[in-house]
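Peer 1: First, the structure itself, so that you have it in front of you.
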Amino acid sequence: MYKIPCDIVTGFLGSGKTTLLKYVLQHGLSNRRVAIVMNEFGDLGVDGKVIKDLEAVEKLVELDNGCICCSIGFRFALAIQEIVETTHPELIIIETTGVAEPQPLIQELGVAGLTLDAVITVVDAENLLGIHSKNVATKKQIEGADFIVLNKIDLVDEKHLRKVERHLQTLNDRALLLPTSYGNVKTDILFGTGVRAYRERLRLDSAPPSQASADLGHDPSEKETPHLEQDAITAFLYKGENLLERKKFERFLSQLPSRVYRAKGFMKFVEESMPSLFNYTCGRFDFNWYTLKDGDQIKPQAVFIGKNIHLIQQKILRKLAECEIKP
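According to the numbering used here, the sequence shown is numbered sequentially starting from 2.
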């Protein structure tokens with residue numbers, strides 16, 4: 002068993018997991034050796050490009066094109082072994098896909114020889130009571146949390162915020178709730194706290210002997226419908242060769258149907274000299290310049306994620322083609 006704190010950062014698509022991770026790495030973990038495991042639903046690896054060059058990141062391992070909690074467990078165990086043997090980190094942070102459930106991953110931690118420090122669930126205050134409330138993964142992420150980072154509170158009014166907080170309380174009344182915007186949370190509150198071990202000791206001290214020895218996790222022999230099937234979440238990748246028109250692309254994003262929960266990627270616009278990193282979540286989108294490192298080449302590419310999104314994949318690709326500048 003490795004004596005290294007391991008924190009899981011989870012939360013539904015577009016809730017702000019990478020934004021939180023970027024903030025804490027820049028504002029509190031710079032004096033510690035931190036290893037990051039990032040799992041993205043798709044094979045583009047957008048978030049890894051955002052995180053990998055931060056000073057606090059001693060090691061970054063990306064596990065793409067699969068969900069860490071149900072389909073790439075063997076790769077996860079190998080990644081942990083590589084991290085421990087080559088980096089000797091003081092802290093390991095795992096950022097899951099937006100559709101991962103915490104409990105199976107907690108079991109994978111045990112297989113990989115790690116002890117859970119805490120589950121940190123990031124929640125989108127604007128969308129929790131709407132689109133996100135319909136997803137099995139969202140509910141389980143909240144129920145399994147030790148800390149709930151209630152993000153994007155700047156996008157809602159006080160009445161809506163109180164309603165969201167009451168809803169979270171009904172799903173999980175033991176987690177510490179941290180309202181914020183842009184993932185701005187004090188690092189020492191979240192990471193390396195030992196909260197999960199503390200709660201487990203309390204449980205064992207208060208439970209009858211027969212119950213104390215029982216396994217907290219779900220029975221692995223139980224047959225469950227895979228959560229991606231339950232939520233009908235699918236994804237596809239767009240890879241382009243041509244420059245795009247910015248205004249046409251913005252109009253394209255504004256007209257995406259509601260079944261598109263999340264999109265992110267890199268675009269090169271004819272009007273601009275630098276590539277842009279775009280993020281789309283449930284109707285909202287923004288752009289940020291992406292600075293190329295020496296020798297880097299980026300072509301237009303993006304991942305689209307949503308409910309049965311494969312059914313409208315060709316339509317979306319046709320609309321994207323209309324944004325391109327033909328040579």
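Just so it is clear, CB atoms sit at the ideal spot from N, CA and C, and this is done for glycine as well.
1. Mind pulling the alpha helix (DSSP H) runs of 4 or more residues that sit fully within the segment 86 to 128?
2. Who are the Cβ neighbours of V62 in its own chain at under 8 Å, not counting the five residues just before and after it?
3. Using only CA atoms, which one of F237, T87, N243 and G12 lies nearest to V137?
4. Count the other C-beta atoms from every protein chain shown that fall within 10 angstroms of the C-beta of S222, then say buried if there are 16 or more, exposed otherwise.
5. I'd like the list of long-range same chain contacts for H219, defined as Cβ closer than 7 Å, with 5 residues on each side in sequence excluded.
6. Exposed or buried, which one is G195 when buried takes at least 16 other CB atoms within 10 Å?
7. Rounded to the nearest angstrom, how far is the Cβ of V150 from that of I121, given a contact under 8 Å?
8. Is it buried or exposed, D174, if we count other Cβ atoms within 10 angstroms and call 16 or more buried?
9. What is the DSSP secondary structure of F148, reduced to helix, strand or coil?
10. Report the rounded CA-to-CA distance for V10 versus P328, giving the unit in angstroms.
11. By Cβ distance, which residues of its chain are closer than 6 Å to N289, with the 5 residues on each side in sequence left out?
12. Tell me A264's beta-bridge partners as DSSP assigns them.
13. Just mark I87 as buried or exposed, buried being the case when its beta carbon has 16 or more other beta carbons within 10 Å.
14. What residue does the alpha helix (DSSP H) around A322 start on, and which one ends it?
15. R260 to H89, Cα distance in whole Å?
16. How would you call I317, buried or exposed, if buried means at least 16 neighbouring beta carbons within 10 angstroms?
17. Does the segment 139 to 150 come into contact with the segment 111 to 129, if we say contact requires no fewer than three beta-carbon pairs (one atom in each stretch) closer than 8 Å?
18. Using only alpha-carbon positions, find the residue among F250, V25 and Y281 that is nearest to V271.
19. So Y291 and F267 are supposed to be a Cβ contact under 8 Å. How far apart are they, rounded?
20. Opposite P276 in the DSSP bridges: which residues?
21. At the level of alpha carbons, what is the spacing between I154 and T282?
22. Assuming G99 contacts G15 (C-beta within less than 8 Å), just tell me the rounded distance between them.
23. Whose CA, out of L26, D189 and D125, lies closest to the CA of R285?
24. Between L321 and G241, is the Cβ-Cβ spacing less than 9 Å?
25. Among P258, Q302, T116 and T171, which residue has its Cα nearest to the Cα of L312?
26. Taking the alpha carbon of L130 as the reference point, which residue from I299, P301, V165 and Y262 has its own alpha carbon closest?
27. Residues in the same chain with beta-carbon distance under 7 Å from G49, minus the five sequence neighbours each way, listed in chain order, please.
28. For a test of the three-state rule: what should DSSP assign to F253, helix, strand or coil?
29. Assuming I107 contacts L117 (C-beta within less than 8 Å), just tell me the rounded distance between them.
30. What are the boundary residues of the alpha helix (DSSP H) that E166 is part of?
31. Hey, E96 and K141: beta-carbon distance below 9 Å or not?
32. Please name the residue or residues paired with V38 in a DSSP beta bridge.
Peer 2: Based on what the coordinates show:
1. 103 to 112
2. A36, I37, V38, M39, A80, E83 and I84
3. G12
4. In this prediction, S222 has a pLDDT of 39, which is less than 50 and means its spatial position is unreliable; what the coordinates show is noted afterwards. When all chains shown are included, S222 counts as exposed.
5. In this predicted model, H219 has a pLDDT of only 43, less than 50, meaning its place in the structure is not dependable; the value taken from the coordinates is given anyway. Around H219: Q104.
6. exposed
7. 6 Å
8. exposed
9. strand
10. 43 Å
11. L278
12. Y281 and F305
13. According to the sequence as given, residue 87 is Thr; it is not Ile. Under this definition T87 is an exposed residue.
14. Q314 to C324
15. 42 Å
16. buried
17. yes
18. F250
19. 6 Å
20. Beta-bridge pairing links P276 to no other residue.
21. 15 Å
22. 7 Å
23. D125
24. yes
25. P258
26. V165
27. M39, L61 and E63
28. helix
29. 6 Å
30. E159 to L172
31. no
32. V62 and I95
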